[in-house]
Ligand code: BJW
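In this note's numbering, the protein residues as written are 1 to 223.
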């Protein structure tokens with residue numbers, strides 16, 4: 001049985017990393033147009049770096065929770081059958097021992113806006129940092145902002161079309177294309193399950209729901 005799992009910010013919430021759209025989420029404190037769009041970065045790169053430097057520091061200090069551990073366990077027992085796709089830019093899946101496809105990039109990689117080279121991000125990035133490949137001062141976080149193409153989409157589509165079971169864990173289903181994965185998987189014949197603190201606005205697209213905190217529900221679902 002081929003299993004495709006999509007995770008969102010909710011899977012890392014109990015590790016202390018904020019979600020985006022919940023009460024007290026990041027988008028209640030920051031204007032997403034200023035910190036998560038290429039236009040915002042062009043207007044004020046220092047602000048955007050400040051936002052991502054703080055999140056990189058928080059993520060580095062966080063530890064995987066029982067949900068990350070359970071997903072890593074599932075992958076270890078069925079390495080050929082499970083694909084883990086994450087929208088998260090933290091590295092908690094990896095630190096729990098799982099390999100994940102990071103469709104929205106990573107806090108721990110830097111990218112050159114000019115030549116597209118990537119390299120390990122320093123703890124603190126500034127607009128003056130120069131690219132190790134082309135030497136231009138065009139360093140940006142290697143994350144996917146609104147209006148940009150998510151990463152690894154071809155591989156993700158292939159896995160979704162081959163899925164027998166699709167699970168979305170801790171994601172609000174408000175951001176595309178990830179919010180459309182449930183439709184793709186269902187049309188391809190997969191059974192679908194949403195695992196979340198609450199049923200989301202796209203909850204009606206799923207065959208079943210498991211409601212509760214990921215650190216409790218995911219280990220039970222996996223085992
Ligand atoms: C718990 C829990 C616990 C809490 N246990 N659960 C229609 C089709 C296609 C595209 C579009 C479309 N309409 C609009 C678009 C464009 C746009 C979009 O979707 N906009 C929406 C606002 C409508 N999409 C894009 O621009 C994307 N690119 C794209 O479409 O490219 C194609 C293209 C390109 C160019 C030209 C033409 C087409 C890119 C989207 C990039 C998103 N980037 C961000 C920020 C960067 C990364 C970062 O800084 O981290 O990614 S936005 C932010 O949202 C972040 C997240 O990965 C993403 C999803 O959020 P997530 O993970 O779902 O978090 P929340 O907070 O929303 O939800 C948390 C959930 O957890 C809640 O449900 C809680 O209940 C739950 N929860 N605690 C279990 N303990």
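Positions of the beta carbon are idealized from the N, C-alpha and C atoms, including for glycine.
Small disclaimer: the values here were computed from a predicted structure and weren't measured.
The beta carbon of residue 62 sits closer than 6 Å to those of 15, 16 and 17, all from its chain and outside the five residues before and after it, given in chain order. Contact annotation: residue 37 and residue 147 have beta-carbon atoms nearer than 9 Å. With the rule of 3 Cβ pairs closer than 8 Å, the region 127 to 143 counts as touching the region 92 to 111. DSSP, reduced to helix, strand and coil, places residue 128 outside both helices and strands of the structure shown, so it counts as coil.
By a beta-carbon distance limit of 8 Å, residue 11 contacts residue 170. Their separation comes to about 4 Å. For residue 119, the three-state secondary structure derived from DSSP is strand. Per DSSP, the beta-bridge partners of residue 105 are 143. For residue 209, the enclosing beta strand (DSSP E) has its first and last residue at 208 to 211. Unbroken beta strand (DSSP E) runs of no fewer than 3 residues, entirely contained in the region 9 to 48, are not found.
Residue pairing by DSSP places residue 166 opposite 4 and 192 in a beta bridge. In this chain, the alpha helix (DSSP H) harbouring residue 218 covers 214 to 222.
Taking C-beta separations shorter than 7 Å and ignoring five residues to either side along the sequence, the partners of residue 173 in its chain run 179, 200, 201 and 202, following chain order. Its Cα nearest to that of residue 118, the residue 131 stands out among 91, 125, 131 and 13.
The way I'd put it, the region 93 to 105 does touch the region 64 to 76; three or more beta-carbon pairs between them come closer than 8 Å.
Listed as beta-bridge partners of residue 82 by DSSP are 3.
Within the chosen limit of 8 Å, ligand 1 reaches the beta carbon of residue 9 through at least one heavy atom.
Distances from the alpha-carbon of residue 114 to those of 125, 122, 133 and 124 put 133 closest.
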